[in-house]
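Presented below is the structure to which this report refers.
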Amino acid sequence: MKSITFFLERRTFLFAAPGIALVASLFILGGYAAYSGKSQVARITQAQVDYAQTRNDALDAWRDELVEIESAPGASAPAYAARPMSIRKPAVAPAAPLGDFAIGASDLLPAQTELSAWVNPADLFSEYEFANPTLLSIGRFDLSMMVVLLLPLLMIAASFDIWSAERESTRARLIAAQAGAVKPLIWSRLIFRNGLIWGVFTLVALAAGLAAPGAQELSSTRLANLAGWIGAAWIYGAFWFALIAFAVAYFRRSEIIAATLFALWASFAFLTPAIGGAVSEALYPPPSRLAALSEMRDAKSEAGKATAELTKGFLADHPEMTVSDDDVPFYYASTWLANREAATRTAPILRAFEESRQQRQETINLLQYLSPAVIANRALLSFAGGDVDRYRAYQAEARAALADLSERIGPAVVAKQRLSLAAYDAMAPFAFTETTAGDKARDLAAPVAFLLALALALGWGARRRLGAPLEKILL
Amino acid sequence: MISAIAHKELKIYLRSGVFLAVAAALIGLIVMSVVLSVQRVTAFEHERASAVAADRTIWDEQGVKNPHGAAHFARYAFRPTPTLAAFDPGVSDYAGMALWMEAHYQNPAVFRRAEEQGDTGWIASLSPAWILQTMTPLFIFLVLFGAIAGERESGTLRQNAALGVSPRALAGGKLGGAALSLGVVIAPVLAGALFVAAGAGGTVTLEDNALRIAGLTLTYGVFLLAVGAIAIGISALCRDRRSALIALVSIWAVSFVFTPRLAGDIAASTHPEPDAGAFTAALQKAARGLGADAEAMAALPSEAMAEYGVERMEDLPINFLGYRLQKAEEYAYDLFAEVYARLGAVHDAQERILSAASVISPVIAVERLSSGLAGVDRLHQQAFIDNAEAHRRVIVEQLNRDFMIHGADASGAAYTADENLWRQIEDFDHEALPFRAVAGSYLSSALLLLAYLLGSIVFVRWAVARAQKRVIQS
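So the sequences go chain by chain: A and B. My numbering applies: residue 414 is where the first sequence begins, and numbers increase by one. My numbering applies: residue 1197 is where the second sequence begins, and numbers increase by one.
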């Protein structure tokens, strides 16, 4: 029976126009998405390398000046040479290990900045909003998007009439009379057609995953994320497989099955995220960035006004710091003090903003259970590293690194002194900590398990129906 | 004959459970999206009004300082949200809504609301325009897929042909019936959505709102009529309802969902924007323009002396530092314009690819027209940026001139000003572009949409004639 089914499927689907079109479109679109993702990652990586290189070269020159000054203690050095306020360290979030699989938030949120005591944490990320808003509003085409939107559509198109077409053409009775049972035939056809879709796509994804973009190496991190990504995609595919099987088992007419599945696809893929996003925004509005901006400007202005008092206060707290008579202008110290004060004053605003954002996100996360597409999107973006959380984590780490830099150089700046070479060398370069694939999997366990449970329940329902007496399935 | 067929179609649709369910879903969705969008836009405008007031207070109360120091502290320009953004938000969530009008530097607009949308923001964003552009065509396809294919399956197409019903009459009647039945649902909802959106409380009403509303009504009317005609035409080409449904859903997915994204991706890959780091470096270079031009710097004293008719620097009736700062500003104007023009050229090239893709995906043309008419596309965003830049130049010049003139006796930057000067600086007030002034930019999209309508009418007539011929021959 199985070999006959396979033979039939080969003739009626695989080597027929629909099957060839399906496989070809999967290869072409998947290949394009992979190529596009790799090109984007290669471009971002190259830009970041250049960005970091320029700043690291400047830092090396700065350090050479410091070495020269330390090696000749008695000699007079130029006033501005090797001043701690001139330290500008690059802080870059490199492209995610599987960044070519999902553009996600990478074209919207910043992934590079410069750590310098001239800026305070509230202003650390600026001047990155140059992308064309028209393109941003349309969205991009990548492998994750293919899984979430395209593959379910192809699955529906390939499988919706797997049994109803036979029933409508009265071949169903003939098949039942010859084979005795139709259940294996329906399951075999479903598995064959959907297995073909997922087999081809998995091949494309594996090929894309094993060919690391640009100068990146095929690391174990990339492989672990690739495994997670493919696993999440397959579980999403299993859900659609079970849903299609359920519809095929329970509905009789082809157009009803197709219309129901397409309507569900549109609801899961578009309507639920759109309505969920709008309702959650109405119920839990994101914190106002304009209000936060005004508060921060006010705080910075007040900090600036209080600079003279701050200087006296700082030196009163640190009497051991004798102010040297270097020629360096006093605004170095006043800027550092004003920024420190502004950082202190704006920290609660930033914290409140982040907490509000977090609370809102937690509420929105509940909405994912209304749409398998949202769960899949979240899981795929997370493994690919295109999720918003990754970029927020980077921002938090960069702000912490800036605070650390500021604290390390502060006393020397206020005292109009230089750092020692040892103190400078003790400052580690910024390195973004990627969340491990294991941690991501743990974070996603509940929604993905829910999706799997949904798939199993639907599959069980379909199996039960297809196991019903033959006359029920034939009529 | 056409009216008789249209009348019969209307009756059938109004008795159809599928049609009524789809109509109810559509009405529900649009009503929900209007309510939420109006609430959203009203909240945005409330936030903006509060931010403008706070900026004024912070500016006025900045304390005593050198006017050029105040120009560095600077003010913000906040982008107003037009009322029609409640109908179509366009690019407003993806474009910066605040612009820092700082001395020496033309900053980009910052704070994009999309940054707060989370991981699902890219999938879809609920608005009446999105429902009309993306979901309504799907609904129309789901209602009309059996229009001719169903007649063929049930044998009534052959009967009609035998009775001598002409393809023109059948196509016209089918299209008329569909337009009437869908029009009964969509027209009041569209009108209501536009009316409610246009009256969103507390927000900025564009001067030519009536013209824009008329344009939006026409755009969506033409678009949806073309979609209906395509649905009937495809239904006529297919042998049965099942094939028609699959064909129409495939067309919808390819044309309305995937092609715009694919075109956007190709546009971004073919014409990549400069990296943020490189672009910022170009801006910083422009800001240092005069300082880096030794010849121009060296010529400044003689220029100042010539301008004020003196022969010695110490006889200048102005503060030379203030003069130099203002000259540095003016020197950078063209440099900034050049840097941003390069970016604008990249964006234009990207959008040309989108325009080309709109030939196979008319929804791209509709999006362009709709967001333009609602006053929330890139062109309108650029107008906001240009106005803010003009205001920045006025503010900075006002402050530098005060420094030059009133600080003449002070050495260097020792001169300070206070609240009396700060209060003379006016708030930023943005007047949106009148649509007539930019209408030419949307001409190609409008013509394409019109061509789609005409083409779809020709197509439906041809497809019905073909279906009749085949059914008679079979």
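By construction, the Cβ of each residue, glycine as well, lies at the ideal position given by its N, Cα and C atoms.
For this session: Give a yes or no on contact between the segment 1320 to 1332 of chain B and the segment 1600 to 1620 of chain B, applying the rule of three or more CB pairs nearer than 8 Å.
Result: no
For this session: Using the Cα positions of F681 (chain A) and A806 (chain A), report the straight-line distance between them to the nearest angstrom.
Result: 29 Å
For this session: Kindly indicate the opening and closing residues of the beta strand (DSSP E) around L1295 (chain B).
Result: 1294 to 1297
Problem set entry | Residue-level contact to chain C via CB, V787 (chain A), 7 Å cutoff | Protein chains A and B are contained in the structure displayed, whereas chain C is not.
Problem set entry | Contact with chain A by L1629 (chain B), beta-carbon distance below 7 Å | no
For this session: Measure the Cβ-Cβ separation of S1431 (chain B) and F1337 (chain B) and say whether it is below 7 Å.
Result: no
Exercise. In whole angstroms, what separates the C-alpha of R1271 (chain B) from that of V1381 (chain B)?
Worked result: 48 Å
Exercise. Name the DSSP beta bridge partners of F1274 (chain B), please?
Worked result: Checking the DSSP bridge columns, you'll see F1274 (chain B) partnered with B:A1294.
Exercise. According to the neighbour-count rule (16 or more other Cβ atoms, all chains shown, within 10 Å of its Cβ), is T1277 (chain B) buried or exposed?
Worked result: T1277 (chain B) should be labelled buried.
Exercise. Going along chain B, which residues have a C-beta under 7 Å from N790 (chain A)?
Worked result: D1315, T1316, I1319
For this session: Report the residue from B:A1459, B:A1642, B:A1365, B:L1295 whose alpha carbon sits nearest the alpha carbon of A1202 (chain B).
Result: B:A1365
Problem set entry | For L1378 (chain B) and L1156 (chain B), the rounded distance between their alpha carbons | Since the displayed chain B opens at 1197 and closes at 1670, residue 1156 (chain B) lies outside it and no answer follows.
For this session: Check V1260 (chain B) in the structure and name its three-state DSSP category.
Result: Residue state, collapsed to three classes: coil.
Problem set entry | Q771 (chain A), buried or exposed, once every other Cβ within 10 Å from all chains shown has been counted against 16 | Result: exposed.
Problem set entry | is_contact[G1473 (chain B), chain A] using C-beta, thresh 7 Å | yes
Exercise. So, is D1315 (chain B) buried or exposed, given that buried needs 16 or more other C-beta atoms within 10 angstroms?
Worked result: buried
Exercise. When DSSP labels each residue in this structure, what does K502 (chain A) get in the three-state scheme?
Worked result: strand
For this session: Would you give the residue range spanned by the alpha helix (DSSP H) that E1526 (chain B) belongs to?
Result: E1526 (chain B) -> alpha helix (DSSP H) spans 1516 to 1553.
Problem set entry | V1572 (chain B) in three-state terms, based on DSSP | Coil.
Problem set entry | Reduced DSSP category for Q1594 (chain B) - H, G, I as helix; E, B as strand; rest coil | helix
Exercise. Is P510 (chain A) close to chain B, meaning its C-beta is less than 7 Å from at least one C-beta of that chain?
Worked result: Answer no: the Cβ-Cβ gap between P510 (chain A) and chain B never drops below 7 Å.
Exercise. Going by the CB atoms, is the gap between L522 (chain A) and Y804 (chain A) shorter than 7 Å?
Worked result: Yes. Within cutoff.
Exercise. How about R501 (chain A): is its C-beta nearer than 7 Å to some C-beta of chain B?
Worked result: no
For this session: Within 10 angstroms of the Cβ of I1668 (chain B), are there 16 or more other Cβ atoms? Answer buried if so, exposed if not.
Result: exposed
For this session: Would you list, in sequence order, the uninterrupted beta strand (DSSP E) runs of no fewer than 3 residues that lie entirely inside the segment 469 to 542 of chain A?
Result: Counting whole runs of 3 or more residues, the segment 469 to 542 of chain A contains the beta strand (DSSP E) stretches 502 to 505, 525 to 528.
Exercise. So what does V1234 (chain B) bridge to, in DSSP terms?
Worked result: In the DSSP output, where bridge partners are listed per residue, V1234 (chain B) has none listed.
Exercise. Closest to W749 (chain A) by CA distance: which of A:P785, A:K829, A:E708, A:T776 is it?
Worked result: A:K829
Problem set entry | Distance, L883 (chain A) Cα to R1211 (chain B) Cα | Whole-angstrom Cα-Cα distance: 35 Å.
Exercise. Where DSSP assigns a beta bridge to V1306 (chain B), which residues make up the other side?
Worked result: Its beta-bridge partners are B:A1294.
Exercise. In terms of alpha-carbon separation, which member of A:E581, A:A695, A:T425 lies closest to T1238 (chain B)?
Worked result: A:A695
Exercise. What is the rounded straight-line gap between the Cα of S390 (chain A) and the Cα of I688 (chain A)?
Worked result: Lying outside 414 to 888, the shown extent of chain A, residue 390 (chain A) is not represented and no answer is given.
Problem set entry | Strand pairing of A571 (chain A), partner residues [DSSP] | According to DSSP, which records beta bridges pairwise, A571 (chain A) is partnered with nothing at all.
Exercise. How far does the alpha helix (DSSP H) with W642 (chain A) in it reach, from first residue to last?
Worked result: Counting along the chain, the alpha helix (DSSP H) containing W642 (chain A) begins and ends at 633 to 663.
For this session: Could you have a look at A1449 (chain B) and say whether DSSP puts it in helix, strand or coil?
Result: helix
Exercise. Rounded C-beta distance between F766 (chain A) and A705 (chain A)? I'm assuming under 8 Å.
Worked result: With a contact defined as Cβ atoms closer than 8 Å, F766 (chain A) and A705 (chain A) qualify at about 5 Å.
Exercise. Checking contacts by CB at 7 Å: is I1254 (chain B) closer than that to chain A?
Worked result: Closer than 7 Å: yes.
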